[in-house]
Every structure is written in C-alpha cells, then in structure tokens.
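Residue numbers (this note's numbering): 27 to 583.
The next block holds one structure in the form of structure tokens; read it before the comments.
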Amino acid sequence: SYVPWNLHEPAPGLFRNEGILDLRRFIKTAADLDLFVIFRPGPYICSEWDFGGLPSWLLADPEMKVRSNYLGYQEAVKRYFDWLIPQVADLQYTHGGPVVAVQVENEFGSFSDDPGHLEFLRELLLNKGIKELLVTSDNESAIRTAPVLDGVLPTANGQTVEEIKAGFQIIRSINDQYPLMVMEFWTGWFDHWGYPHETRSVDILEKTLNYALEESSNVNFYMFHGGTNFGFMAGALNLSSFKADVTSYDYDAPLAEDGGVTEKFLKIQKMIGEVTKTKNSGTLEVPTVMADTNRAAVPLKVPLDKVLPWSEIIKTIRKKSKSKDPQFMESYAFENGWVQSFGYIVYRKEIEQLGKGRLDVTGRIKDRASILMNGKTRGVLTWESESAVLDLLQDEGGILDIVVENLGRVNYTTKDKQDVLNTQRKGFDGEVRLDDGVLQDWEIFALDFPEGFVDDALQSPGWQDATGSERPAGPALFRGSVQLSGKPGDYFVRLDRWFKGVVIVNGFNLGRYWDQGPQRTLYLPGPLLREGANSILVFEENTSSGEITLDIKPCLG
C-alpha cells in the first residue's frame, strides 16, 4: 500500500490522518479481513499520482533536489517519517500486526544508480522501528543497474513473461538464494488525456502469471482493484512530451474502478485456486464471487439551472496574494504559510485602457492558460506555447485574468531526465506585455476548490438562472441538485456537451473531465451520496450544457 506524502503533510509540519487519510484504520481493516500489508511509504511513490506523492511545497526551495541526499530534502523526509513510521510500527507482523514487508523508496533504479539515498532511507526506517523485511522494486530495464543494499530484497516489476523473466535473472545473479517476488504485476495500464484508452489482454495476464507461479514466485498484483485519483491528484508523464493522466485509475484491473468483477479477476481466481488446491492436497475451496449490489439501477438526468459567473467566483476565493510579476504557484505563501499545490491559479490585472489591445505573453505556461478579458475567454495557451500574441479586440479597459491550470505534476522520470522532477513548478513564470508596456503589480488568486469553498460559493448572492439561451462566454460554476431515496448506489457522472472542468458532489471534488477523452464519465461512489437532496457543482471553463447524467455504467474510452 502506497502512502501519499502530499496528502498527509499538505504544508510543512502540518500533518493529517483523519477521514480517508486514517492510515492506522486502513491497516487494521486489512488485518480484520485476514490480509497482509506490504507497506510502501515512499517518500516517492510514483503511482500516477501528482508529483509521485511528493509535496509541492518542496519546490518553494529553488535549489531543491528531490529523491536525493540534498539536505533540504533529507530534513523534510526525516520530519515526515518521524510522524509516519510510529503510526505503523506496532502494526508490524513482529508485533502481531499485518505489515509483513516495507519498501524502500520506489523504482529508484529507473531514476539513479547511486545507492546513497537508498541507504539514507534504509537507515531511517530501521532507526524508526521497522523490523520487517525491507524490499526494493524495479522494472526490467532498471533492475539491471539498480543499487543493491545489504539486508534489502530486490523485487521485480513487469507485465510480460519476458519482463518478469529478465527481472528474475538479475535477482538470481545477485543472490541465487533470494526468494522471487513480483512486487508490481501490472494487470493493465493507465490513460492520458487526448490519447486512446489503454487495456491489456487476459491472455497476456494468464501467460505471465502462469510463468510466475511456475517459478514459485510471490505475486503482488498492481493494480488488483482499480481506483480513482480524485480531485487534482492525477499525475503526468514527460518522457518525450507532456501527457497528463486522466482522473480514473481503473487501470483495466481485475476489479474495476467501482469494484466490479472482470474476466481478469475470474482468471486469476481460477489459476491461484488451482495452485493453492494442489498445495493443500485438494482441500481448499475457491470462494464464490459476491454479486455486485452497489451500482445504481436507473440513470438520472440532473438539470443544472443556476450559474455563478466568473466575476462572482473570484469573490469567493479566500487565498489571495500580490506580486510584481507572475510567478509559479509554489512561490506564493497564502494563509498559514501554505503554498498552492493544485487546481487553477489566477493572475489578475486591472487595465484602464487597452489601446491597440495587443497582448504578448512570454514565458512558461504550466500547464494550460485561459486568457480572460472581463470574464470572457479571448484565447488559450498551453505548455507547448513559449510565447503568444493575442488581440483582445476591445477598446475599453477592464479586468485581465490569466487563469492557469496545473494538469498534474510528473510522477515518473528516468536517469537521463532526472531534473524533470525538480522543475515541476506550476502556473506561469514570465512577462506579459500590453501593446508596448510590461504589465506589473498583479493580484493572485488560488482557485483550488479547498474545504469551505463550496459553502462560500453556495452562499454567494451572485447566482443567476442558467435556463436561458445565453450562457457565459468564460469560466463559470453551475449548480443543481438531485433527490435520492433509500441507500444510494454508485453512479458515473456523464457530461455530454460540456468542455472541460471539475465536478463537485456534496462538497467532494470528483476530479477533472475533458471532452478530448478518452475518459467520458467520472466515478461517483455511493457513500458520497445521501438520501434526500444532493448538491452538484460543475466548474466549466468554456462550453456548458444544461444538464448532466448520473449514468449506471462507465465510459472510459
């Protein structure tokens, strides 16, 4: 089980373990279900999670070198582990708990062949009371040069027979007495916005699992149960070009995003059942698969008949700052010293008169910027735009907003691109010229939809009817409500004829949608719903429809 540092320590020295972040409860629940736990605390976890689980406030240090023995990084990791490890130390198998192994970092061999950082983490874990088996995990190409540590078992990651076999060969060459372990048996794959939906065949899974079982290897399926990177937690890749991950982490896994049983699950169950039966002299029976009773029975159309225009949304934002020139979001200290980590950052400038209205934006856009004039979208820039010139097409002055979205920080990179992780600052860092003059003295707003945002938005006096033919020509917040009876089941939010934004249900940010796909629905777990009225908010960047659908089946591409 991975542990996301960026959720547990959202600001330096501020730790959270309540609600869905209750790690001890999670591990104890595993024990109640007779499951063992492989504890993977990182601090880097990859996981297609924003910044590989690292907190973005690390990047407030302009010299930061993550995943290294850079002093600033070491001190932050020590403080985090001082808080984290004592929470699980007494839950180790040695003390009667379910934790049977602890992983040191994650796929470090892909990133570096220097053992120094892994040795630092190993000693930190041991000094904090970890007594169980320590392991590393690496894919087939990385394990060849990955650091080998005393007292730490290397394990293999992969998807095909060839990948797993190569990993096993390396492990045996290190020590032919080591037990074999596939730490990440990749059952599927993940998706990027604007690219086809990824799947992996049952045949490949069957062949690879059969090989691993024949080798008497231990196997940990990744993923066994698909999931969701809710809110803004999805990561990105930038190996050859920038690719942002979608919200869903269904992964084409044996158990789907909503827990549904797939053909892969049945195949795995049968294969492991046969092996287990043989080893137990034919006395063990394969359990019956439980029926899927969580999914709602009937799709629902939900009208969103109220709209809060951009000019009113800005008034609800509490996190504000000022800046002579635009800087990345990690540079601004908002309330309680927090930096902004996720969502949208707004750079606002009031202009008395436009003149020719020629706007020249030069600098780094990370990752997608909407240029607004008086709340209306005049252009869009992306990470591919080193500079752009826009005609604002107005003679009068007004409010210029540059709204930049963080689409997800890179969560994985390789040795030849090590510094990519150290450059994951988001927002805009550059110069804005209007006609012949440089624009300075900006107002800064953090639009990251934090706790309390929904209450503030709902209490705004600026809500308008959204039932007319004229809809906002820029970002807006749409509101609706749905009445449910009985215990609500799972739904999938479908947004036909919407463009791009986020969906918030009963105050919970489900995540991004985007019409370029491949993902077309957002998973809405039943426990987020309640009997009676349920609030639905949709923040839309551009093109809206009058309704959404609570569907009963997913569409991932």
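Glycine included, each C-beta is placed from N, C-alpha and C at the ideal position.
Computed from a predicted model, the values in this text were never measured in an experiment.
Using only CA atoms, which one of P501, K441, I53 and E431 lies nearest to R404?
The count along the sequence shown starts at 1 and reaches residue 404 at position 378. With distances taken between Cα atoms, R404 lies closest to P501.
Quick one: measure Cβ to Cβ for F454 and V430, integer angstroms, because I've assumed they're closer than 8 angstroms.
Along the sequence shown, one-based indexing puts residue 454 at 428. Along the sequence shown, one-based indexing puts residue 430 at 404. With a Cβ gap of about 5 angstroms, F454 and V430 count as contacting.
According to DSSP, simplified to helix, strand and coil, what is R390?
To locate residue 390, count along the sequence shown from 1; it is residue 364. Three-state DSSP puts R390 in a strand.
Could you give the first and the last residue of the continuous beta strand (DSSP E) run that contains F471?
As a first step, residue 471 must be located in the sequence shown, where it is residue number 445. Run containing F471: W468 to L473, per the beta strand (DSSP E) assignment.
Using CA atoms only, rank isn't needed, just tell me which of H218, E361, L380 and K350 is closest to T373.
Your numbering for residue 373 matches position 347 in the sequence shown. Note on identity: in this sequence residue 373 is Tyr, with Thr being the wrong assignment. Here the closest residue by C-alpha is K350.
Using 8 angstroms as the threshold, is the C-beta distance between I574 and V272 below it?
Residue numbering aside, residue 574 sits at position 548 when the sequence shown is read from its first letter. Residue numbering aside, residue 272 sits at position 246 when the sequence shown is read from its first letter. No.
Leaving out five residues on either side along the sequence, give the residues of the same chain with a beta carbon under 6 angstroms from the beta carbon of P609.
A question about residue 609 goes unanswered here, because the residues of the chain that appear run from 27 up to 583.
Exposed or buried, which one is G363 when buried takes at least 16 other CB atoms within 10 Å?
What you label residue 363 is simply residue 337 of the sequence shown in a count that begins at 1. With fewer than 16 Cβ atoms within 10 Å of its Cβ, G363 is classed as exposed.
Can you list, in chain order, the residues of its chain with a C-beta nearer than 7 angstroms to that of S411? Leave out the 5 residues immediately preceding and following it.
Residue numbering aside, residue 411 sits at position 385 when the sequence shown is read from its first letter. Around S411: I391.
Whose C-alpha, out of M297, L548, G558 and Y539, is nearest the C-alpha of H220?
By 1-based counting over the sequence shown, the position of residue 220 is 194. In the sequence as displayed, the identity of residue 220 is Gly instead of His. Comparing Cα-Cα distances from G220 to each of M297, L548, G558 and Y539, the minimum goes to Y539.
Using the rule of at least 16 other Cβ atoms within 10 Å of the residue's Cβ for burial, across every protein chain shown, is R344 buried or exposed?
Taking the first residue of the sequence shown as 1, we reach residue 344 at position 318. Exposed, by the Cβ-count rule.
Within the continuous beta strand (DSSP E) that includes P329, where are the two ends?
Within the sequence shown, residue 329 is the residue found at index 303, counting from 1. Element bounds for P329: L326 to P329.
Just mark R594 as buried or exposed, buried being the case when its beta carbon has 16 or more other beta carbons within 10 Å.
Past the edges of the chain, shown from 27 to 583, lies residue 594, and the structure says nothing about it.
Kindly list the residues whose CB is nearer than 8 angstroms to the CB of K586, restricted to its own chain and excluding five residues on each side of it in sequence; keep chain order.
Past the edges of the chain, shown from 27 to 583, lies residue 586, and the structure says nothing about it.
How many Å lie between S357 and L239 at the Cα?
For the purposes of this step, residue 357 is taken as residue 331 along the sequence shown, with counting starting at 1. For the purposes of this step, residue 239 is taken as residue 213 along the sequence shown, with counting starting at 1. In this structure, the straight-line span from the alpha carbon of S357 to that of L239 is close to 51 angstroms.
Any chance you could list the beta strand (DSSP E) runs of at least 3 consecutive residues sitting entirely within the region 491 to 533, in chain order?
502 to 510, 517 to 520 and 526 to 531
Can you tell me whether DSSP reads A559 as helix, strand or coil?
The residue you call residue 559 lines up with position 533 of the sequence shown. Residue state for A559 is assigned as strand, using DSSP reduced to three classes.
Give me the DSSP bridge partner(s) of V208.
What you label residue 208 is simply residue 182 of the sequence shown in a count that begins at 1. Paired residue(s): A182 and V245.
Please go through the same chain and pick out, in chain order, the residues whose beta-carbon is closer than 8 angstroms to the beta-carbon of V508, but skip the five residues on each side of it.
Start at 1 with the first residue of the sequence shown, and residue 508 comes out as number 482. The answer, listed in chain order, is L326, V328, A559, N560, I562 and L576.
With contact counted as at least three CB pairs below 8 angstroms, one residue from each stretch, are the region 226 to 243 and the region 184 to 194 in contact?
yes
Taking DSSP's pairing of strands, which residues face Y277 in a bridge?
Locating residue 277 in the sequence shown gives position 251, counting from the first residue. DSSP lists no partner for Y277.
Could you compute how far the alpha carbon of I425 sits from the alpha carbon of K290?
In the sequence shown, counting from the first residue as 1, residue 425 sits at position 399. In the sequence shown, counting from the first residue as 1, residue 290 sits at position 264. When rounded, the distance between both Cα atoms is 54 angstroms.
Can you find the residues in the same chain that come closer than 6 angstroms, C-beta to C-beta, to G285, ignoring five residues on each side of it along the sequence?
Here residue 285 corresponds to residue number 259 of the sequence shown, with the count starting at 1. Answer for G285: no residue qualifies.
Under a Cβ-count criterion, where at least 16 other Cβ atoms within 10 Å of its own Cβ denotes burial, should A492 be classed as buried or exposed?
Here residue 492 is taken as the residue at index 466 of the sequence shown, counted from 1. So A492 counts as buried.
In whole angstroms, what separates the C-alpha of Q444 from that of D139?
Stepping through the sequence shown from its first residue, residue 444 is reached at position 418. Stepping through the sequence shown from its first residue, residue 139 is reached at position 113. One C-alpha to the other measures close to 12 angstroms.
Kindly give me the distance between the Cβ atoms of G135 and I169, rounded to whole angstroms, as I take these residues to be in contact under 8 angstroms.
Sequence index remark: in the sequence shown, residue 135 carries index 109 (1-based). Sequence index remark: in the sequence shown, residue 169 carries index 143 (1-based). Sure, about 6 angstroms apart at Cβ, within 8 angstroms.
Taking only three categories from DSSP, how would you classify T254?
Along the sequence shown, one-based indexing puts residue 254 at 228. Residue state, collapsed to three classes: strand.
Would you list the one or two residues that DSSP bridges to D164?
Residue 164 sits at position 138 when you count from the first residue of the sequence shown. DSSP lists A182 as partners of D164.
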